[in-house]
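Asks:
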Amino acid sequence: MDREIIVVDNIKKTFNIGMGNELEILHGISLKIKEHDFVAIVGSSGAGKSTLMNIIGLLDQPTSGQYILNGRNIKGISDDEMGNIRSSNIGFVFQTFNLISRMNAQKNVELPMLYKGYSGKKRAKRAKELLEIVGMGERRFHLPNQLSGGQQQRVSIARAMANDPDIILADEPTGALDVETGRKIMDIFHELNQKHHKTIILITHSKELAEEANRKIRLQDGRIISDTVRRVI
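Going by the numbering used here, the first residue of the sequence shown is number -12, and it counts up by one from there.
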């Protein structure tokens, strides 16, 4: 039975604390996500999706409540510890790709491994393998400006996999792509989930994309208003 990899308990997030214009964005979010699941967090702009993603991805900490990742309570850990946990456990895919323009595809994928201290030979071997998984093996020496948007997103997915994380957090990963290209990107996420057993958390405003996930969590005004599970037999 799959274990719970993410436990969020009554999380609240408030900005501008003590400034007279406090704004609470998340109002007591509680959820549990099991390993190997494919979850879509859906909601309109301002629903709190990105704030929740930042907390799950250890890019921010909640104002109150508890977050347990892989059995570890995140409360009170140092920024360095948070960075180490993040780089080992979570891979990020963003709408804007965020590739380094002066580095070719392979070097972009190698970068997270460089920070983890892997040898040059090991980095190159794994980057090549990952780029082949996402269909970019033949273009691994191209710079980002020599690649289409869809190709750049494939490279960013390979980069997210560099340190073999348990979780892939994808924030509107098809938002900058046309429908056909976006479809191919979604197929890659399904492959990573089903073949490589990654936990996928997809942040999206698209109802259509959300329907592809095994589980759909809908946010509205910083609260979960529905949480539905669809099991594919």
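Beta carbons: idealized from backbone N, C-alpha and C, even for Gly.
DSSP three-state label for Thr215, please.
Replies: Strand, per DSSP.
Asks: Determine which residues share a DSSP beta bridge with Thr191 and list them.
Replies: Answer is Val29.
Asks: Helix, strand or coil for Tyr102, going by three-state DSSP, please let me know.
Replies: It is helical.
Asks: Label Lys36 either buried or exposed according to how many other C-beta atoms from any shown protein chain fall within 10 Å of its C-beta, with 16 as the threshold for buried.
Replies: The residue in question, Lys36, is buried, as its Cβ has 16 or more Cβ neighbours within 10 Å.
Asks: Between Asn76, Gly63, Leu10, which has its C-alpha nearest Asn57's C-alpha?
Replies: The shortest Cα separation from Asn57 among Asn76, Gly63, Leu10 belongs to Asn76.
Asks: Taking Cβ positions, are Thr161 and Ile172 nearer each other than 8 angstroms?
Replies: Yes.
Asks: Does DSSP put Arg17 in a helix, a strand or coil?
Replies: It is worth fixing the name first, because residue 17 is Ser in this sequence and not Arg. Looking at Ser17 - three-state DSSP - the assignment turns out to be strand.
Asks: Run the CB neighbour count on Ser143, radius 10 Å, all protein chains shown included, and call it buried at 16 or more, exposed below.
Replies: Buried.
Asks: Between the C-alpha atoms of Leu39 and Met90, what's the straight-line distance to the nearest angstrom?
Replies: Using only the alpha carbons, I get a separation of about 31 angstroms.
Asks: Beta-carbon of Asp153 versus every beta-carbon of chain C: anything under 8 angstroms?
Replies: The chain inventory of the structure shown lacks chain C, comprising one protein chain alone.
Asks: What separation, rounded to the nearest whole angstrom, lies between the Cα atoms of Lys103 and Lys182?
Replies: If I take the Cα positions, the gap works out to 25 angstroms.
Asks: What does the alpha-carbon distance come out to for the pair Glu119 and His129?
Replies: So the alpha carbons of these two residues sit roughly 14 angstroms apart.
Asks: Would you tell me roughly how many angstroms separate the C-alpha atoms of Leu179 and Gln140, rounded to the nearest one?
Replies: Going from the Cα of Leu179 to the Cα of Gln140 covers about 14 angstroms.
Asks: Are at least three pairs of beta-carbons, each pair with one atom in the region 23 to 33 and one in the region 193 to 201, less than 8 angstroms apart?
Replies: Taking 8 angstroms as the limit for Cβ pairs, the verdict is that the region 193 to 201 does touch the region 23 to 33.
Asks: Under the assumption that Tyr54 contacts Ile4 (Cβ atoms under 8 angstroms), give the Cβ distance between them as a whole number of angstroms.
Replies: With 8 angstroms as the limit, Tyr54 and Ile4 do not qualify as a contact, their Cβ atoms being about 18 angstroms apart.
Asks: Give the range of the beta strand (DSSP E) segment to which Val121 is assigned.
Replies: Val121 -> no beta strand (DSSP E), and no H or E assigned at all.
Asks: Is any heavy atom of the ligand FAD found at a distance shorter than 7 angstroms from the C-beta of Arg59?
Replies: Among the components of this structure there are no ligands whatsoever, and the ligand FAD is therefore not found.
Asks: Would you check if the region 8 to 18 and the region 203 to 216 touch, i.e. whether three or more CB-CB distances between them fall below 8 angstroms?
Replies: Yes, since at least three Cβ pairs between the region 203 to 216 and the region 8 to 18 fall closer than 8 angstroms, the two stretches touch.
Asks: What residues match up with Asn91 in a beta bridge as DSSP calls it?
Replies: BP columns for Asn91 are empty, so no partner.
Asks: Helix, strand or coil for Phe79, going by three-state DSSP, please let me know.
Replies: Looking at Phe79 - three-state DSSP - the assignment turns out to be strand.
Asks: Looking at the structure shown, is Gln53 part of a helix, part of a strand, or coil, going by DSSP?
Replies: Gln53 falls in the strand class under three-state DSSP.
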